[in-house]
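Reviewing the structure listed below.
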Amino acid sequence: MSVNQYHGTTPEAPERFENPGPEPHRTRLADTDPRVAKHAERVAALIFTVSLLASVAAVVGYFLVPLDATLGTLRLSTVVLGTGLGVGMLGIGVAAIYWSKTLMSSAEHVEERHPQRSEDATRDVAATMMLDGVADSGIGRRPLLKGALVGALGLAPLPFLVPLVGNLGEDWDVAKFRHTAWGDVPSGTGGRLPGGGVGRRLAIDPSDTPIRAADVTIGSVFHVIPHGLTEQEDFLEEKAKAVVLLVRMDPRDLKVPADRADWSYDGIVAYSKICTHVGCPVALYEQQTHHLLCPCHQSTFDIADQAKVVFGPAKRPLPQLPITVDDEGYLVARHDFTEPIGPSFWSRER
Ligand code: FES
C-alpha cells in the first residue's frame, strides 16, 4: 500500500469532505437591467476619478504647499501628500471591488495544477479564457469606465515618482545641520554657566520640564529638547535637529579625552539622537554595555567612549552636546554641537 507523501493517506482513501464547489451565481439587478448596469458603471468611474484627482492633488500639493506651513502640529505638505497618496490608492481598490461586485461575472474559473510549461493546447485555452475574461468584464463595451481606469492607474505612480525625481540632484545645504537650537538662548530658557555667559537648559521631551542634574540617576535615560523650544514657530523643524539622548553612567566608566574634559557632568553625557547613517532616531540604550542601538540598520554606538561606532553601517560617532550645570543645578548646554548633526553622506567641509 503506497502512502501519499503529502497527506499521509493512501491514494485509495476516500475524500473526507465533498468539495462544495463555487457558489452558484446570484443574479443581480445589473445583470438584467441595463439602466442599473449603467448606473453602476458611472459610480465605479466616479470613484476612479476621485482617485485620479487625489493623485493630481498630491503632486500639485508637493509643489505648491510651502514646507514651513503647518496644520496643528503636522507639516501641511506631509498631510497633503499623504492624503493624496492614500485616497489615490484607496480609490483604485474601492472602485475595482465595486466594479467586480456589481458588473463582473461571479462565475468561478478553476485551473488544475500542471507543469510550469503547459501544453500548447492548454495555453491556447488559457489565452481564450483570458480574452473571455476581458470580454466578460465588459471593458470593451464601457469606454467611460475604461478611460477612468486607465487614467487612475496611469496617474497613481506620479505621487511616488515626482518627489523622488524632484529630490534627485538636490544639493543638501549642510549649513542647516551645523546650527541647532542649542546655540540660541531666548529669554527665559537658559541658565548661567559656571565661567560666565548663559547656556540653554536641557528639558524633557515632550513636557519641556528642565532637568536637574540631581534628578538623573545612574543608568537613567532622558529624551531631551532645548527648554522653551515648544514655544517656537519652527518647533518641529528645530526639534528634528536638536533632539538628544541624555544618559548618566558611573563616571569611572567614561573615557573622556582631554579636549572634552568639561563636556559631561558627573557621568552625565548628551549625544545627538540623529543617527549618522541615514538619520533614524537612535534610542535603544543598553545599560550594561553602554551601547546605543539604532533600530533601522543596527548601527551601535559606545556611549562610554564618545559614541564611537562599534557595529553597523554608520561611519562616524554621534555628535556630543557639551553640557554642565547652571547656578541653580539645572543641566545646560555649554554651546551648540561642534559638527553638523545627522547622516554623513551630506557634503561636508572638512
Ligand atoms: S539609520 Fe541608523 S543604522 Fe541606518
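In short: position in the sequence shown from 1, add 1317, done, that's my numbering.
Beta carbons: idealized from backbone N, C-alpha and C, even for Gly.
What's the gap between the Cα of residue i and the Cα of residue j?
{"i": "P1682", "j": "H1652", "result": "There is no way to answer for residue 1682, as the model of the chain reaches only from 1318 to 1667."}
{"i": "R1596", "j": "H1614", "result": "It should be pointed out that residue 1596 corresponds to Gly in this sequence rather than to Arg. Near 11 angstroms, if we compare the C-alpha coordinates of H1614 and G1596."}
{"i": "F1365", "j": "A1438", "result": "37 angstroms"}
{"i": "P1383", "j": "K1558", "result": "19 angstroms"}
{"i": "R1667", "j": "V1649", "result": "Reliability fails at R1667, whose pLDDT of 44 lies under 50, so the model's placement of it is uncertain and no value is given."}
{"i": "L1393", "j": "P1476", "result": "16 angstroms"}
{"i": "P1523", "j": "H1544", "result": "10 angstroms"}
{"i": "I1591", "j": "R1529", "result": "24 angstroms"}
{"i": "G1378", "j": "E1603", "result": "42 angstroms"}
{"i": "R1565", "j": "G1507", "result": "21 angstroms"}
{"i": "N1321", "j": "A1631", "result": "Any reading at N1321 is ruled out, since the residue's pLDDT is 43, under 50, leaving its predicted position unreliable."}
{"i": "S1581", "j": "S1661", "result": "24 angstroms"}
{"i": "H1607", "j": "S1537", "result": "11 angstroms"}
{"i": "I1542", "j": "L1610", "result": "20 angstroms"}
{"i": "L1391", "j": "D1350", "result": "49 angstroms"}
{"i": "A1375", "j": "L1553", "result": "22 angstroms"}
{"i": "N1336", "j": "V1627", "result": "59 angstroms"}
{"i": "G1399", "j": "V1467", "result": "22 angstroms"}
{"i": "Y1323", "j": "V1442", "result": "Reliability of the predicted coordinates at Y1323 is poor, the pLDDT of 43 falling under 50, and the value obtained from them is presented with this limitation in mind. The straight-line gap from Cα to Cα measures roughly 30 angstroms."}
Return the Cβ separation of residue i and residue j in integer angstroms, given the expectation that the two are a contact with Cβ distance under 8 angstroms.
{"i": "M1421", "j": "S1454", "result": "5 angstroms"}
{"i": "A1469", "j": "I1409", "result": "5 angstroms"}
{"i": "P1636", "j": "I1658", "result": "5 angstroms"}
{"i": "S1589", "j": "F1654", "result": "7 angstroms"}
{"i": "L1562", "j": "A1498", "result": "Contact flag wrong, Cβ pair sits at about 16 angstroms."}
{"i": "A1361", "j": "A1412", "result": "5 angstroms"}
{"i": "R1509", "j": "D1643", "result": "5 angstroms"}
{"i": "A1621", "j": "L1571", "result": "6 angstroms"}
{"i": "R1396", "j": "L1402", "result": "According to the sequence displayed, residue 1396 carries Val and not Arg. Actually they do not touch by this definition, with Cβ atoms about 11 angstroms apart."}
{"i": "T1419", "j": "A1347", "result": "5 angstroms"}
Which two residues bound the contiguous alpha helix (DSSP H) that contains residue i?
{"i": "F1380", "result": "1351 to 1381"}
{"i": "D1583", "result": "Counting along the chain, D1583 falls outside any alpha helix (DSSP H), and DSSP gives it neither H nor E."}
{"i": "A1650", "result": "Segment 1648 to 1650 is the beta strand (DSSP E) holding A1650; no alpha helix (DSSP H) there."}
{"i": "A1520", "result": "Taken as a continuous stretch (DSSP letters only), A1520 belongs to no alpha helix (DSSP H), being part of the beta strand (DSSP E) at 1519 to 1521."}
{"i": "P1460", "result": "1460 to 1472"}
{"i": "T1445", "result": "1437 to 1454"}
{"i": "I1640", "result": "Element bounds for I1640: not the alpha helix (DSSP H) but the beta strand (DSSP E), 1640 to 1642."}
{"i": "K1418", "result": "1393 to 1419"}
Could you give the residue range of the beta strand (DSSP E) that holds residue i?
{"i": "R1495", "result": "Careful: R1495 lies outside any beta strand (DSSP E) and carries neither H nor E."}
{"i": "E1603", "result": "1601 to 1603"}
{"i": "D1619", "result": "1617 to 1619"}
{"i": "F1662", "result": "No beta strand (DSSP E) holds F1662; DSSP gives it neither H nor E."}
{"i": "G1304", "result": "Within the shown structure, residues of the chain are numbered from 1318 to 1667, placing residue 1304 beyond reach of any answer."}
{"i": "T1606", "result": "Note, T1606: premise wrong, no beta strand (DSSP E); not H, not E."}
{"i": "F1628", "result": "1625 to 1628"}
{"i": "C1562", "result": "First, the amino acid is wrong: residue 1562 is Leu here, not Cys. That run of the beta strand (DSSP E) goes 1561 to 1565."}
Consider the C-beta atom of residue i and the heavy atoms of the ligand GTP; say whether any pair is separated by less than 6 angstroms.
{"i": "G1629", "result": "This structure lacks the ligand GTP; the ligands present are the ligand FES."}
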